[in-house]
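K.L.:
Residue 59 is where the sequence shown starts when you use the numbering used here, and the numbers rise one by one after that.
Below you'll find the structure I mean.
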Amino acid sequence: MSDIAAESAEVRTLLAKAGEQAESLGHDYIDTAHLLLAILADPDSRAVRLLRELGVQPDSLRERCIARAHPEVRHRAHVDEMELTARAKASLMHADANAHSHSIPTARTEDVLLGLMSDRESIAAQVMLDSGISYERLEHAVYGTAA
């Protein structure tokens, strides 16, 4: 799939879950929506707790994300054969850079969540923006920096 943030077991697990989300929607690629859905699939993760603290209902976010991702019925690729879209790769690189800039050795799911907001045109960012989350508010929640 990808070697971006390969040193992070948390991100590798997230990528596998994103592939499963893509597969369940009939997609043969992993995009930002699939990464967000994978994050939302773990209700006990710090990323989902941060979303709740920001007043976002994860189930509602998930429903909106699925609606925007346009589930399809077509040939389904195996998870190991799926490629990351350019937007997904850029989001992961952003997550990795943010983690390192805050002296965090490897990207975590909350770093990926913030990375998904880096491209305001992506499905994941649009869904979060529509839910009232701004990059600045999420950055403050993740890193405790001034919003």
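Note that CB positions come from ideal geometry on N, CA and C, so glycine has one too.
Computed from a predicted structure; not experimentally measured.
Can you give me the C-alpha to C-alpha distance between Ser180 and Ile162, rounded to a whole angstrom?
P.N.:
One C-alpha to the other measures close to 25 Å.
K.L.:
Assuming Leu83 and Val170 make a contact with CB atoms under 8 Å, what is their CB distance in whole Å?
P.N.:
Wrong, their Cβ atoms sit about 19 Å apart, outside the cutoff.
K.L.:
For Asp154 and Ala165, which I take to be in contact (beta-carbon distance under 8 Å), what is that distance rounded to the nearest angstrom?
P.N.:
About 5 Å separates the two Cβ atoms, so the contact holds.
K.L.:
Measuring only the C-alpha atoms, how far is Met175 from Tyr201?
P.N.:
About 15 Å.
K.L.:
How big is the Cα-Cα spacing for Leu98 and Val185?
P.N.:
Leu98 and Val185: Cα-Cα distance of roughly 13 Å.
K.L.:
Excluding the 5 residues preceding and the 5 following Ala146 in the sequence, name in chain order all residues of the same chain whose CB lies nearer than 7 Å to its CB.
P.N.:
The answer, listed in chain order, is Ile88, Asp89, Thr90, Leu93.
K.L.:
Could you pull out every residue in the same chain whose Cβ sits closer than 7 Å to the Cβ of Leu172, ignoring the five residues on either side in sequence?
P.N.:
Closer than 7 Å at Cβ, skipping near neighbours: Ala153, Asn156, Leu196, Glu197, Val200.
K.L.:
Excluding sequence positions up to five away, which residues of its chain have a Cβ less than 8 Å from the Cβ of Glu130?
P.N.:
Same-chain partners within the cutoff: Leu83, Gly84, His85.
K.L.:
Taking buried to mean at least 16 other C-beta atoms within 10 Å of its own C-beta, is Glu121 buried or exposed?
P.N.:
Glu121 is exposed by the Cβ-count criterion.
K.L.:
Just to confirm the assignment, what range does the alpha helix (DSSP H) spanning Asp269 have?
P.N.:
Any property of residue 269 remains undetermined from this structure, which presents the chain solely from 59 to 205.
K.L.:
Taking DSSP's pairing of strands, which residues face Tyr87 in a bridge?
P.N.:
Answer is Glu141.
K.L.:
In whole angstroms, what separates the C-alpha of Ala127 from that of His160?
P.N.:
Taking the straight line from one Cα to the other gives about 32 Å.
K.L.:
Less than 8 Å between C-beta atoms, sequence neighbours within five positions excluded: which residues of the same chain meet that for Pro116?
P.N.:
So the list reads Leu98, Pro101, Val106, Leu109, Arg110, once near-sequence residues are dropped.
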